[in-house]
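Participant: Residue numbers (my numbering): 4 to 72. If you scroll down you'll find the structure; I have some questions about it.
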Amino acid sequence: MIKRLFLLLQFLAFIAPIGIFLMYIIMDEGDQFTYEHYWVTAMSFIPFIFVLLIKYMFSDLDQNKKDDQ
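Written out as structure tokens, the structure reads:
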């Protein structure tokens, strides 16, 4: 159950930067990007990093739980 939740969160957090990047291309009609475009796209990748960090922390707890049984 938790694995599926984290898989869903990873998927959603990974789609956000890609969606933002594609929306900038569509909105600017292919014009040259400015540093703000790259900055916002890069900053939108932070939730994906947090999801991976939380997943790592919870997987460690799951390992300890299996060892106790």
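Beta carbons are placed, not taken as given, at the ideal position from N, Cα and C, and that holds for glycine. Treat the numbers as computed from the prediction; the structure is a model and nothing was measured.
1. Quick check on Phe61: does DSSP put it in helix, strand or coil?
2. Give me the Cα-Cα distance between Ile5 and Met26, rounded to the nearest whole angstrom.
3. Three-state secondary structure (DSSP) at Met4?
4. Taking the alpha helix (DSSP H) that Thr44 falls in, what are its first and last residues?
5. How would you label Thr37, buried or exposed, when you count the other beta carbons within 10 angstroms and need 16 or more for buried?
6. Below 8 Å on the Cβ atoms is my contact criterion, and I expect Val43 with Ile23 to pass it. Report the Cβ-Cβ distance as a whole number of Å.
7. Distance check for Phe9 and Tyr59, CA to CA, integer angstroms please.
Facilitator: For this structure:
1. In the sequence shown, residue 61 corresponds to position 58, counting from 1. The DSSP-derived three-state label of Phe61 is helix.
2. The sequence position of residue 5 within the sequence shown is 2, counting from 1. The sequence position of residue 26 within the sequence shown is 23, counting from 1. Using only the alpha carbons, I get a separation of about 31 Å.
3. Position 1 of the sequence shown, counted from the start, is the residue given in the question as residue 4. Coil.
4. On the sequence shown, position 41 is the one that residue 44 refers to. Its alpha helix (DSSP H) spans residues 38 to 46.
5. As a first step, residue 37 is located in the sequence shown; it is residue number 34 there, counting from the start. Within 10 angstroms of the beta-carbon of Thr37 lie fewer than 16 other beta-carbons, which makes it exposed.
6. The residue given as residue 43 occupies position 40 in the sequence shown. The residue given as residue 23 occupies position 20 in the sequence shown. Yes, they are in contact, since the Cβ atoms of Val43 and Ile23 sit about 6 Å apart, within 8 Å.
7. Sequence index remark: in the sequence shown, residue 59 carries index 56 (1-based). Sequence index remark: in the sequence shown, residue 9 carries index 6 (1-based). Note on geometry: alpha-carbon atoms of Tyr59 and Phe9 lie some 10 Å from one another.
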